[in-house]
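Novice: Read in UniProt numbering, the sequence shown has 27 at position 27, and its numbers run on one by one without any break.
Ideal Cβ placement from N, Cα and C applies to all residues, glycine included.
Just so we're clear, the structure is a prediction, and the values are computed from it rather than from any experiment.
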Amino acid sequence: MISRPYFSLRKAFTYVLLIASLVPLIFISQFLTSRISDQLLSQKEHQIQNAVSTIAQEIVVEFDRIQQSLNWLSRDRFNIQALDNILYSSVVTHNLVRFSELSGLINSVYILNDKWEPLYDLNGRPYHFENSQLLREISVDKSIYEQGLTKAHFYTESNLIKGIHTAKGIALVTPMLAYNLEGSGRYRASGYVVVLISFDTIEQSFQHFLLKDENFNLNQHLDTHENVKSEMTESGILDRIFVLNNSSFSSPLALDITYQFSDVERLKEMKSSLLALFTVIGWTFVTVLFIAMGITRWISKEFVGMEDTIVSYASNKEVKDRTFQFSEFDRMALVLSKMSITIRNQLNELKNKNDELNDSKKVIERSNRKLSNFNQELEVQVSKQTAQLSDALTREELNKNSLAAVIEFGSIYKTLSYRELPQKVECQLQHLFSDTQWQLRFKPLGDKEGIQILSSKDKFLASLRFVSSPQLEANQLVFKLFVKQLSSWLELVDVARCDALLQCGNRKAFDEDLAHYQKRYRDSKAEWNFGLFILDVNGLKAINDQYGHDLGDELIRTSSSHISALLSENDSLYRIGGDEFALLTKGMTRKECTLLAEQLHVSQESLKFFDKEGKAYDANYSIGWSCSDNADLFKMFTIADESMYQDKREYYLHL
1 MISRPYFSLR KAFTYVLLIA SLVPLIFISQ FLTSRISDQL LSQKEHQIQN
51 AVSTIAQEIV VEFDRIQQSL NWLSRDRFNI QALDNILYSS VVTHNLVRFS
101 ELSGLINSVY ILNDKWEPLY DLNGRPYHFE NSQLLREISV DKSIYEQGLT
151 KAHFYTESNL IKGIHTAKGI ALVTPMLAYN LEGSGRYRAS GYVVVLISFD
201 TIEQSFQHFL LKDENFNLNQ HLDTHENVKS EMTESGILDR IFVLNNSSFS
251 SPLALDITYQ FSDVERLKEM KSSLLALFTV IGWTFVTVLF IAMGITRWIS
301 KEFVGMEDTI VSYASNKEVK DRTFQFSEFD RMALVLSKMS ITIRNQLNEL
351 KNKNDELNDS KKVIERSNRK LSNFNQELEV QVSKQTAQLS DALTREELNK
401 NSLAAVIEFG SIYKTLSYRE LPQKVECQLQ HLFSDTQWQL RFKPLGDKEG
451 IQILSSKDKF LASLRFVSSP QLEANQLVFK LFVKQLSSWL ELVDVARCDA
501 LLQCGNRKAF DEDLAHYQKR YRDSKAEWNF GLFILDVNGL KAINDQYGHD
551 LGDELIRTSS SHISALLSEN DSLYRIGGDE FALLTKGMTR KECTLLAEQL
601 HVSQESLKFF DKEGKAYDAN YSIGWSCSDN ADLFKMFTIA DESMYQDKRE
651 YYLHL
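#1: Quick one: Cα of S372 to Cα of D355, how far?
#2: Look at the alpha carbon of T93 and the alpha carbon of Y110, and state the distance between them as a whole number of angstroms.
#3: What span of residues does the beta strand (DSSP E) with R441 cover, start to end?
#4: Spatial neighbours of G505 within its chain, please: CB distance less than 8 Å, with the 5 preceding and 5 following residues excluded, ordered by chain position.
#5: Use the C-beta contact count for P175: other C-beta atoms within 10 angstroms, 16 or more gives buried, fewer gives exposed.
#6: Ignore the nearest five residues each way along the sequence and tell me which others in E130's own chain have a CB closer than 8 Å to its CB.
#7: In terms of residue numbering, what span does the beta strand (DSSP E) encompassing P175 cover?
#8: So, are the CB atoms of I534 and D641 less than 8 Å apart?
#9: Just verifying my parser: in three-state terms, what is the DSSP assignment at I576?
#10: Around the Cβ of Q381, are there at least 16 other Cβ atoms within 10 angstroms (buried) or fewer (exposed)?
#11: Restricting to runs no shorter than 4 residues, where is the alpha helix (DSSP H) found entirely within the region 290–359?
#12: Terminal residues of the continuous alpha helix (DSSP H) containing Q471?
#13: State the DSSP-derived secondary structure class of K362, mapped to helix, strand or coil.
#14: Do N215 and D256 have their C-beta atoms closer together than 8 Å?
#15: Three Cβ pairs or more, each shorter than 8 Å: is that satisfied between the region 460–469 and the region 431–446?
#16: Quick check on V304: buried or exposed, where buried means 16 or more other Cβ atoms within 10 Å of its Cβ?
#17: With distances taken Cα to Cα, identify the nearest neighbour of S108 among T166, Q428, G282 and D239.
#18: In whole angstroms, what is the alpha-carbon distance linking T233 and Q47?
#19: Assuming S559 contacts Y617 under a Cβ cut-off of 8 Å, what Cβ separation, rounded to an integer in Å, is found between them?
#20: Would you kindly report the start and end of the unbroken beta strand (DSSP E) that includes D447?
#21: Enumerate in chain order the residues of its own chain whose CB-to-CB distance from Q471 is below 8 Å, with the five nearest sequence positions on each side excluded.
#22: In the DSSP assignment, find the beta strand (DSSP E) that holds N538 and state where it starts and stops.
#23: Quick check: the Cα distance between D550 and G539, rounded to an integer number of angstroms?
#24: Whole angstroms is fine: what's the gap from G191's alpha carbon to S606's?
#25: Have a look at F466, L490 and E491 and flag the residue whose alpha-carbon is nearest the alpha-carbon of F479.
#26: Are the Cβ atoms of L105 and E62 separated by less than 8 Å?
#27: Within 10 angstroms of its Cβ, does C627 collect 16 or more other Cβ (buried), or is it exposed?
#28: Please report the distance separating the alpha-carbon of I197 from that of A171.
#29: Mapping DSSP to helix, strand and coil, what is T585?
#30: Between which two residues does the beta strand (DSSP E) holding Q260 run?
#31: Do the region 136–143 and the region 157–165 meet, that is, are 3 or more Cβ pairs less than 8 Å apart?
#32: Taking three-plus beta-carbon pairs below 8 Å as touching, is the region 332–341 in contact with the region 311–323?
#33: Out of N159, Y145, D359 and L222, which has the shortest C-alpha to C-alpha gap to N248?
#34: Write down the C-beta distance between D579 and D536 rounded to the nearest angstrom, noting that I regard them as a contact closer than 8 Å.
#35: Going by the beta-carbon positions, is the gap between V60 and L253 smaller than 8 Å?
#36: With H, G and I counted as helix, E and B as strand and the rest as coil, what does DSSP make of H153?
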């Protein structure tokens with residue numbers, strides 16, 4: 001087989017002309033580009049060194065200013081007196097605000113007593129700070145503070161600064177001294193001031209020294225070798241070791257500073273010069289290209305004419321009369337004309353033979369089509385029967401597996417608590433019916449789609465929210481069995497959590513729900529609070545002793561109904577003792593808890609209950625409460641209980 005050439009003569013001539021014109025232009029442009037690039041790169045390096053030096057100097061100046069302000073704050077006599085006297089708290093708060101305004105790097109300030117317990121803070125999170133690894137580390141070596149020095153320490157924990165979740169930064173710890181000693185004397189610190197400065201704040205404060213798309217990062221220097229030579233990488237990254245020292249520091253602080261410089265911003269001038277150069281080269285290239293195309297078009301007219309003649313013969317079209325300027329092309333056109341006549345005669349003979357073969361082929365094709373149609377009909381019938389049998393077997397297997405899963409899920413309920421149930425049930429239903437979204441809630445369905453789960457006595461237990469699907473409709477038997485099993489378990493749990501006398505929760509329900517609220521408060525990233533109320537019926541024992549327990553039960557029912565009438569759907573009432581109630585209010589702040597307590601106090605002033613003869617008696621209960629936004633989670637019950645007993649004592653004093 002003869003191989004076909006890839007290039008034509010006219011294209012080869014054009015390529016040679018272009019190469020001869022552009023090679024000198026390329027060498028000249030390369031030389032100019034190299035000279036301009038070297039000059040601009042040198043200028044870029046000088047600008048980068050100036051930026052690095054300026055940032056380092058500004059960090060030193062800012063930390064010196066913070067240390068001077070810290071010396072004033074730690075020796076202020078009002079701040080020291082406030083360690084033992086809470087009446088100075090407003091003065092301390094004012095001083096902390098003034099201190100934070102002296103430097104934009106200060107994120108949070110804590111004032112600790114001599115036992116390292118947080119007393120005051122600005123933008124801090126005392127609970128996380130008191131349990132942090134940082135507090136344990138800075139309180140170990142007290143000899144530094146006895147010398148009156150400041151300890152500079154790295155921290156890598158989050159949640160120490162309110163509103164900032166970064167986990168890296170510098171902590172400056174300074175002792176609070178009531179007086180100064182001379183010579184080799186030792187100080188005795190009355191307390192300590194801890195200043196937290198996050199790396200993110202430092203980076204943002206000095207970002208204006210860099211150009212757009214440039215930044216730098218700070219990290220703790222962990223290598224013991226400080227004299228490390230640093231060079232900028234090809235990607236624009238420069239690593240430097242920066243030692244932060246101050247006469248008041250117990251030891252210098254070594255930082256790793258990583259600069260990320262942008263070649264796009266630094267080399268704008270280079271790009272502008274190169275763009276101008278490339279523009280000149282481009283126009284030169286276009287000019288040469290047009291000249292080469294003109295010359296090629298003038299020379300290639302004969303080649304185009306010969307190509308048209310050959311294509312006409314190949315396409316069996318009429319060939320136009322043409323006079324070629326080159327004798328070789330004229331002789332080639334004559335040869336092609338004679339060859340065309342010979343080929344046409346041979347094609348006519350082949351056409352006649354081909355017609356005979358086509359007739360025989362049509363007869364064979366008709367027979368093959370009949371046989372193929374019969375085979376296709378047979379395959380369709382077999383496929384239908386096989387698919388129907390397969391579907392039936394698949395449905396039986398799915399029902400069997402689903403029923404087994406429902407029975408297995410029933411055994412899991414014994415180990416679950418009331419609050420763990422929704423998540424587990426949703427996972428089980430998602431496993432059984434994967435194309436449906438499920439939600440189990442302990443409140444009515446409302447305008448949502450789904451079903452309400454009721455007890456055997458038609459008492460509301462929970463609502464199951466979902467949108468029906470073809471898979472669910474096809475497995476109604478499994479779904480109904482699952483719901484019936486869930487309803488039985490919920491009814492047993494409801495009996496165990498419900499008070500025998502009142503339609504409210506008992507002590508077990510209160511303990512479970514309180515633990516659930518405490519866990520939600522700890523795990524919630526958003527601002528979320530709840531209130532805890534303890535209410536105790538006054539005079540129940542006297543009623544029981546004088547009039548009997550039936551009237552005492554009526555007093556308890558009247559108090560419960562009165563309290564429930566003032567509650568919203570987010571509030572839950574529990575009877576945790578004979579005459580004692582508990583109330584959990586979801587989403588309430590201290591201010592809202594105060595308003596609810598006032599409503600309970602005011603509304604019970606005219607509260608009455610009646611015996612069987614209709615005789616009226618005064619009803620009254622004592623109230624105590626606490627809120628998660630100003631009380632420790634695990635002391636809320638004790639605080640509310642003590643507040644209730646204080647209210648009860650005041651009630652009996654005024655009788």
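Specialist: Looking at the coordinates:
#1: So the alpha carbons of these two residues sit roughly 25 Å apart.
#2: 11 Å
#3: Q439 to R441
#4: R497, C498, D499, D513, S572, L573, Y574 and R575
#5: buried
#6: E117 and P118
#7: G169 to M176
#8: Cβ atoms of I534 and D641: closer than 8 Å.
#9: coil
#10: exposed
#11: 301–314
#12: P470 to A474
#13: helix
#14: no
#15: yes
#16: exposed
#17: T166
#18: 16 Å
#19: Actually they are not in contact, since the Cβ atoms of S559 and Y617 sit about 12 Å apart, beyond 8 Å.
#20: Per DSSP, D447 belongs to no beta strand (DSSP E) and is neither H nor E.
#21: Once the five neighbours on either side are set aside, the close Cβ partners of Q471 are F433, S434, D435 and T436.
#22: Per DSSP, N538 belongs to no beta strand (DSSP E) and is neither H nor E.
#23: 14 Å
#24: 53 Å
#25: F466
#26: The answer is yes: Cβ separation under 8 Å.
#27: buried
#28: 6 Å
#29: Residue state, collapsed to three classes: strand.
#30: L253 to Q260
#31: no
#32: yes
#33: Just to set this straight, residue 248 is Ser in the shown sequence, not Asn. The residue with the shortest Cα to Cα distance from S248 is Y145.
#34: Taking C-beta atoms under 8 Å as the contact rule, D579 and D536 qualify, at a distance of about 6 Å.
#35: No, the Cβ-Cβ distance between V60 and L253 is not below 8 Å.
#36: strand
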